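> Under this note's numbering, read the sequence shown as residues -18 to 358, first letter to last. Quick reminder that beta carbons are idealized off the backbone N, C-alpha and C, glycines included. Since we're looking at a predicted model, the values are computed, not measured. What follows is a structure written as structure tokens; I'll ask about it next.
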Amino acid sequence: METTKPTILILTALTGGGHLSLALALQDILSEDYETHIVDPQPGIFRQYYTYAGRHSSRLWGLGYKYSDNEKAALRLHKTLTLLVQQRLYRLTELIKPRLIITTHTLLSYEIAHVLVQQRASTPLVFQFSELEEVHATWLTVKNADAYLVPTREIFTQARAQGINESRLHLTGMPVRRQFLEEYKTSRAETLARLGLDSAVFTVFLQGGAEGAGGLASMVKSILSVASPVQIILAVGTNKQLAMRFSGIARLRVLPFTQTIAPYMAAADVIIGKAGPNFIAEAMILEKPFLATSFIPGQEAPNLTFLERHNLGWVCLEPIAQHHLLAKLASEPAALAEKVNSIRVYRAWNMQANQGIYPVIAGLISRTSQNLSTQPH
């Protein structure tokens, strides 16, 4: 009889935060009954390229995304990257000896599948898709993973159309970290007071960094110039230059990096920032309308369509339009309430779908255990 928890290896990439957020969300769901290990096996150059492209050349990133977003190019990319990471993955699987493997990053999907084939391992492999409207072709190179955790109906349709058998596809919604499932309504005033802000004033949570320092300065100035009183929680992460630049501004409080971001997002009336899938999903779970003001070309562009289709917020890419919209929201509570109502509908669906994640994982591990127990010794 097994006395220790079965081990699950969750592969992710520390590029941008979204893939790690997904890994942590899955860990929250599974950690009570399973020993979970979250690992980024990719070389440091991956993170360096992502950071450089994200900050200095989103166009370069967008071109790379576009030209690899087809079946042949995706396979070529995977085969190249496999040469870079396969030894790390070999060592990792030998060291941890997982009973099941999940990847939350597309560029670790074919790579870990290849390693498992080479090892002749029967370890179940699960892909957690990481977008909202559509996934990149590299997610769909491997057609025979044991399970695909699919966050939206749109991606379910895409994956099925690309030849993945429906029996392997599980529509499980977008998982979010446990902190976003807490109740924050009663603590909102306290959170704002702790920041030195007024709970009676319209509050925006603004994701810093996506626009660059110059663009962020213009946006802050525009928001604070709205006729109705508005105040800003500006999340700057680990960017000390942004923290210094925006400290000391009236009706604005700089929020440095924190592991527990949900209470601050929950304290706002509107969430503003780059159209990342996890950021949109976290706002949705908190029942906060999302105002998308920028996006990574290629990768995040489809999320704008998703946001509008499900009425979860607004796409507003021009500064003048952003100013007029915020002025309306700050002075007309009904405009905000209409969005919140539709968000609650989608949230209810997503929360129900999330209930399917644990049974999929538990079922695969249980089936593997039965197979092991019936093998001759």
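1) Helix, strand or coil: which one does DSSP assign to Lys(-14)?
2) DSSP three-state label for Thr167, please.
3) Excluding five sequence neighbours on each side, which residues of the same chain lie with their C-beta closer than 6 Å to the C-beta of Ser180?
4) Given this structure, state the Cα-to-Cα distance separating Gln303 from Val296, to the nearest angstrom.
5) Would you mind stating whether Val123 and Ala142 have Cβ atoms separated by less than 7 Å?
6) At 3 residues or longer, what runs of the beta strand (DSSP E) sit wholly inside the stretch 213 to 275?
7) Here's a check: name, in chain order, each residue in its chain whose Cβ is nearer than 8 Å to the Cβ of Val207, leaving out the five neighbours to either side.
8) Excluding the five sequence neighbours on either side, which residues of its own chain have a C-beta within less than 6 Å of the C-beta of Leu113, listed in chain order?
9) Hey, would you say Ser39 sits closer than 7 Å to Ile242, going by beta carbons?
10) Does DSSP classify Thr153 as helix, strand or coil?
11) Identify whether Gln100 lies in helix, strand or coil by the three-state DSSP scheme.
12) In terms of residue numbering, what span does the beta strand (DSSP E) encompassing Leu296 cover?
13) Between the beta-carbon of Glu268 and the beta-carbon of Ile213, is there less than 7 Å?
14) Cβ of Ala334 within 7 Å of Cβ of Thr153?
15) Is the stretch 180 to 189 close to the stretch 157 to 165, with three or more CB pairs under 8 Å?
16) For Leu176, I'd like the list of residues in its chain whose CB is within less than 6 Å of its CB, leaving aside the five on either flank, ordered along the chain.
17) Once DSSP output is grouped into helix, strand and coil, what is the label at Val66?
18) According to the neighbour-count rule (16 or more other Cβ atoms, all chains shown, within 10 Å of its Cβ), is Ser350 buried or exposed?
Considering the structure as presented:
1) Coil.
2) In the structure shown, Thr167 sits in a helix (DSSP, three-state: H, G or I).
3) Here the set comprises Ala170 and Leu173.
4) Rounded to whole angstroms, Gln303 to Val296 spans 9 Å at the Cα level.
5) For the pair Val123 and Ala142, the CB atoms are not nearer than the 7 Å cut-off.
6) For the stretch 213 to 275, whole beta strand (DSSP E) runs of length 3 or above, ordered along the chain, are 233 to 237, 251 to 255 and 271 to 275.
7) Taken in chain order, the residues that qualify are His304, Leu307, Ala308 and Ala311.
8) For Leu113, where only same-chain residues beyond five positions count, the Cβ hits under 6 Å are Thr133, Pro258, Asn284 and Phe287.
9) No; because the gap between Cβ atoms is not below 7 Å, this pair is not in contact.
10) When secondary structure is reduced to three states using DSSP, Thr153 falls in the coil class, being assigned neither helix nor strand.
11) Reduced to three states, the DSSP call for Gln100 is coil.
12) The displayed chain sequence assigns Val, not Leu, to residue 296. For Val296, the enclosing beta strand (DSSP E) covers residues Gly294 to Val296.
13) Taking 7 Å as the Cβ cut-off, Glu268 and Ile213 do not qualify as a contacting pair.
14) Cβ atoms of Ala334 and Thr153: closer than 7 Å.
15) Flag = no, the stretch 180 to 189 and the stretch 157 to 165 do not touch.
16) Cβ within range, chain order: Arg234.
17) In the three-state scheme derived from DSSP, where H, G and I count as helix and E and B as strand, Val66 is classed as helix.
18) Exposed: under 16 other Cβ atoms inside 10 Å.
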